[in-house]
Amino acid sequence: MRRIFRPLCLLLLTLLPSTIPGICGAAQDEPQARSAVFPALFPRPDGQNGYEEIIAAGDLIHRNTALEAAEGREATLLQRRAALADPACRQALVLLRRGLAKPMRSPRTKIDPQSNPIREYAHLRSLARLLKVRQYVFLAEGRTAAAISCLEDATRISEAIRGEGLIGGFVGQAADQIGLYQLALHRDQWSEADCSRVLRLAQSYLAEPDRGVRALEGERRFALATVEMIFRTLETLHGGNLLDAVGDTGDTDSHASEEERLEKELRTIEQDTALRDAIYAAIRMRVNTAYDQAV
Numbered sequence: 004m005r006r007i008f009r010p011l012c013l014l015l016l017t018l019l020p021s022t023i024p025g026i027c028g029a030a031q032d033e034p035q036a037r038s039a040v041f042p043a044l045f046p047r048p049d050g051q052n053g054y055e056e057i058i059a060a061g062d063l064i065h066r067n068t069a070l071e072a073a074e075g076r077e078a079t080l081l082q083r084r085a086a087l088a089d090p091a092c093r094q095a096l097v098l099l100r101r102g103l104a105k106p107m108r109s110p111r112t113k114i115d116p117q118s119n120p121i122r123e124y125a126h127l128r129s130l131a132r133l134l135k136v137r138q139y140v141f142l143a144e145g146r147t148a149a150a151i152s153c154l155e156d157a158t159r160i161s162e163a164i165r166g167e168g169l170i171g172g173f174v175g176q177a178a179d180q181i182g183l184y185q186l187a188l189h190r191d192q193w194s195e196a197d198c199s200r201v202l203r204l205a206q207s208y209l210a211e212p213d214r215g216v217r218a219l220e221g222e223r224r225f226a227l228a229t230v231e232m233i234f235r236t237l238e239t240l241h242g243g244n245l246l247d248a249v250g251d252t253g254d255t256d257s258h259a260s261e262e263e264r265l266e267k268e269l270r271t272i273e274q275d276t277a278l279r280d281a282i283y284a285a286i287r288m289r290v291n292t293a294y295d296q297a298v
C-alpha cells in the first residue's frame, strides 16, 4: 500500500492547479479585483442574515481613498474626521449597525474547495479599519464608552468567520486586535463602568470555544472536501484513467525505470475500484490523524 500511496499523492499534486483555481489564483486575482463581492456571495439575499449588510458595507468602502488617508500613523484627527464624514463611510456604518442587529451566519452552507473568500475577508478588514478610525475620534473626544462599542462591533464582525479555517481565523483575530489595541493604549481614560464593560467582554471571549481549534476544524473540513473533489474529478473527467490524468511526465531516459514503475502502479489502481476506495480512505485517515494531532 505504501508503494501505491506515493504515486497517487503525486497524482493529487498534479491535479491541484487545475482543480482548485479559486485557491491557486487568489494571489494573482486580489490586486485588481474591484468588482462588488455582495452579488456573488448573495445572489438571492433574504434580508434575514446580518452578514448581507456587513458585506454590502465592505463593498462601499473597499479601497476608499478617504479611509486610506485616515489610517496611517501620521494621519491627523482632521483626516480621520473627514473619513467618517465621507458619504461611503457614513453609509457603510449605517449598514454595519443594521447588520450587527441581526443574526449573522456564513452564506457558505457547504464547503467548496474552489471558492475564494479572500476578497470577502478583505472587506471585513476594511470595516474593522473604519471602526478603528471611528474609535480614535471617539477617544480623542473623551467618549470612551462609544470607543468600547467599536471594539464590541469589531468582535461581532469576526464572529461569522471564526470557524472557516485558518485564514478566516486570522482575519477574525486581526479584527479583534484592531479594536482592542487602540483602546488599551487609552486605558487611563476608562471609568469604573468602562472597566466593568471591558471585563465582561473579556469574560465572554474566554468562555467561547478555543478559536484556534475552531479554525483547525474548519481547515480539516476543507482538506477532506478537497480530497473528495479530486477523487471525484478523476472518476468523472478521466473516466478512472489515471495515466491520462497524469499525462506526460517529461522524464528523461535516466528516469525511465521510475516512470515504468509508476505506470504499472497506476494501471493497478485504475483497474481495481476497491483499491482506489482503500487509497481514498487511507488519505482521509491521514488527513484526520494530522488534524487530530494538531488540535
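Read in order, the letters of the sequence shown are residues 4 to 298 in the numbering used here. Glycine residues also receive a C-beta, built at the ideal position from the N, C-alpha and C atoms. Quick caveat: nothing in here was measured; it's all calculated off a predicted structure.
Reducing DSSP to helix, strand and coil, say where ARG108 ends up. coil
How far does the alpha helix (DSSP H) with ALA150 in it reach, from first residue to last? 147–162
Between ALA60 and ARG93, what straight-line distance do the alpha-carbon atoms span, to the nearest angstrom? 10 angstroms
Helix or strand or just coil, what does DSSP make of SER194? coil
Counting C-beta neighbours from all protein chains within 10 Å, is the total for LYS135 16 or more, i.e. buried, or is it exposed? buried
Since GLU55 and PRO48 are thought to touch, with beta carbons under 8 angstroms apart, how far apart are those beta carbons, to the nearest angstrom? 5 angstroms
Give the straight-line distance between the Cα atoms of ARG84 and GLY171, rounded to the nearest whole angstrom. 30 angstroms
Pick from ALA196, GLY50 and TRP193: whose alpha carbon is nearest that of LEU103? GLY50
Quick one, which of VAL298, MET107 and ALA78 has its alpha-carbon nearest GLU220's? VAL298
Once you ignore the five residues that flank ALA157 on each side, which residues in its own chain have a CB closer than 7 angstroms to its CB? ALA131, LEU134, ALA178, ASP179, ILE181 and GLY182
In or out: LEU96 buried (at least 16 other Cβ within 10 Å) or exposed? buried
May I have the straight-line CA-CA distance separating LEU209 from THR147, to the nearest angstrom? 23 angstroms
Measuring straight from C-alpha to C-alpha, what distance separates ASP89 and ARG66? 13 angstroms
Note down, in chain order, each residue of its chain lying with its Cβ closer than 6 angstroms to the Cβ of ALA73, except the 5 sequence neighbours on either side. GLN82, ARG83, ALA86 and VAL136
Looking at ILE164: is its Cβ nearer than 8 angstroms to the Cβ of LEU127? yes
Coil, strand or helix - THR276 by DSSP: helix
Taking all protein chains shown into account, decide if PHE41 is buried (16 or more other Cβ within 10 angstroms of its Cβ) or exposed. buried
What does the alpha-carbon distance come out to for the pair LEU265 and ARG287? 22 angstroms
Give a yes or no on whether the C-beta atoms belonging to ALA91 and ILE64 are separated by under 8 angstroms. yes
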